[in-house]
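Asker: Counting in our numbering, the final residue of the sequence shown is number 971, and the numbers go up one at a time with none missing.
Beta carbons: idealized from backbone N, C-alpha and C, even for Gly.
One structure follows; several queries about it will come next.
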Amino acid sequence: MNTHLISLHGGHSGQYCSHARDLLEDIIQRYIELGFKQVGITEHVPPVNDRFLYPDETKLNLTADDLYKRFEAYFQQLTALKKKYAPHIKIFAGMETETCTGYVDHIKQLVSTFQPDYIVGSVHHVDDICFDYSREDYDRALSLFGSYEAMYARYFDLQYGMIKALKPFIIGHFDLIRIHDAGYKKRLLIPGIDQKITRNLRLIKSLNLVLDFNLRPLTRGKKEPYITSSILKTVKEMGIRVVPGDDSHGVNEAGNHVDKAIERLNALGFDTQWPDPAMLG
Ligand SMILES: [Zn+2]
Ligand SMILES: [Zn+2]
């Protein structure tokens with residue numbers, strides 16, 4: 691079982707992310723200690739401009755420019771660590787995207803500059819409002835949209851556009867929009883929302899992309915990962931590939947719940963011979 695341990699989304703470190711902890715090298719060592727043979731490190735991309743700094747970055751007086759430099763340092767170190775630990779673990783150098791205004795050119799530029807092994811396509815904003823950072827931000831977005839349904843619809847439309855524009859190898863936490871919604875199970879089944887979900891999954895399938903089985907909610911004491919079970923059922927029927935992502939933000943989160951997640955995917959009949967990002971070309 692151990693040889694199959696994998697995470698393709700996570701490894702955020704305190705060195706390169708203001709809301710994570712610990713040194714990147716310590717995190718890599720933790721994966722090795724746990725018996726991982728493959729891991730994707732996917733730090734957040736720097737913002738398009740100062741308007742889209744996260745609150746923790748603003749508090750530290752960081753600018754988009756500072757974060758770009760920090761991101762350069764991240765890639766440099768990750769490339770060195772990839773070589774250093776090659777006998778023990780295969781490290782993929784990745785990045786996690788954003789969808790704020792101006793993101794398409796910005797991300798394409800980053801991809802051409804840094805040549806990552808792959809990218810994780812994530813949506814953390816609806817109409818440039820970050821909804822996943824805190825409960826307050828989520829409620830603010832919700833009041834602007836006027837209803838959960840309108841906010842969910844916008845999220846899945848933005849996600850559709852992002853997948854089309856960037857074709858990310860991994861789709862990050864597919865149903866993240868439900869993060870602070872206790873009634874999400876019924877919300878995701880509203881016909882108008884369900885249609886958008888199916889549309890997005892069809893696009894993912896046609897592009898042969900992979901869904902992140904995102905385990906961060908479990909680390910936060912929630913019951914189920916992203917993707918929720920009702921969507922996971924459709925994903926299975928459509929034959930879309932799913933790979934665990936711990937979305938870790940520190941040494942003590944690295945690799946958490948991955949063994950259980952693999953058991954669960956196995957039990958549901960998913961292929962756990964993981965696709966190799968290096969095969970993308
Ligand atoms: Zn993060
Ligand atoms: Zn994310």
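Apart from the five residues just before and just after LEU771, which ones in its own chain have a Cβ nearer than 8 Å to its Cβ?
Answerer: The residues are LEU714, GLU715, ILE718, ILE781.
Asker: Pull up the CB-CB distance for TYR721 and ILE779, whole angstroms please, since I reckon it's below 8 Å.
Answerer: Yes, TYR721 and ILE779 are in contact; Cβ-Cβ is about 6 Å, under 8 Å.
Asker: Between the C-alpha atoms of GLY862 and GLU786, what's the straight-line distance to the nearest angstrom?
Answerer: Using only the alpha carbons, I get a separation of about 8 Å.
Asker: Ligand 1: which residues have Cβ under 7 Å from any of its heavy atoms, chain order?
Answerer: Those residues are HIS702, CYS707, HIS709, ALA710, HIS734, HIS939, given in chain order.
Asker: So GLY730 is in the beta strand (DSSP E); what residue range does that whole segment cover?
Answerer: Looking at the DSSP string, the run of the beta strand (DSSP E) that includes GLY730 is 728-734.
Asker: So is the beta-carbon of GLY700 under 7 Å away from any non-hydrogen atom of ligand 2?
Answerer: For ligand 2, not one heavy atom lies less than 7 Å from the Cβ of GLY700.
Asker: Can you look up PRO934 in the DSSP assignment and give me helix, strand or coil?
Answerer: Looking at PRO934 - three-state DSSP - the assignment turns out to be strand.
Asker: For a test of the three-state rule: what should DSSP assign to LYS923, helix, strand or coil?
Answerer: Three-state result, LYS923: helix.
Asker: Out of LEU879, TYR828, VAL813, ASN904, which one is the CA nearest neighbour of ASP847?
Answerer: The option with the nearest alpha carbon to ASP847 is VAL813.
Asker: Considering only residues of the same chain and omitting the five flanking positions on each side of LYS913, which have a CB-CB separation below 6 Å?
Answerer: Excluding residues within five positions, none has a Cβ falling inside 6 Å.
Asker: From GLY701 to PHE903, what does the alpha carbon distance come to, in whole angstroms?
Answerer: If you take the alpha carbons of GLY701 and PHE903, they lie about 15 Å apart.
Asker: Could you tell me the alpha carbon to alpha carbon distance between ILE696 and CYS790, rounded to whole angstroms?
Answerer: Whole-angstrom Cα-Cα distance: 29 Å.
Asker: Indicate whether the contact test is met: 3 or more Cβ pairs, each with one atom in the stretch 788-808 and one in the stretch 853-861, closer than 8 Å.
Answerer: Touching, yes.
Asker: So what's LEU768 in DSSP terms, helix, strand or just coil?
Answerer: Residue state, collapsed to three classes: helix.
Asker: Express the C-alpha separation of ILE887 and GLN963 in angstroms, rounding to a whole number.
Answerer: Spanning the two alpha carbons is a distance of roughly 26 Å.
Asker: On the criterion of 16 or more Cβ atoms from any shown chain inside 10 Å, does THR732 qualify as buried, or is it exposed?
Answerer: Buried: at least 16 other Cβ atoms inside 10 Å.
Asker: State the Cα-Cα distance for the pair GLY704 and ASP746, rounded to the nearest angstrom.
Answerer: About 12 Å.
Asker: What's the call for ASN751, buried or exposed, on a 16-neighbour Cβ count within 10 Å?
Answerer: Its Cβ having fewer than 16 others within 10 Å, ASN751 is exposed.
Asker: When DSSP labels each residue in this structure, what does GLY971 get in the three-state scheme?
Answerer: With a pLDDT of 39 at GLY971, under the threshold of 50, the modelled position of this residue cannot be trusted, and the question is left open.
Asker: From the DSSP output, read off the bridge partner residues of PHE859.
Answerer: Beta-bridge pairing links PHE859 to no other residue.
Asker: Report the rounded CA-to-CA distance for LEU893 versus THR753, giving the unit in angstroms.
Answerer: Each residue's alpha carbon lies about 35 Å from the other.
Asker: Among TYR850, ARG877, ALA872, which has the Cα closest to the Cα of ALA840?
Answerer: Comparing Cα positions, the closest option is ARG877.
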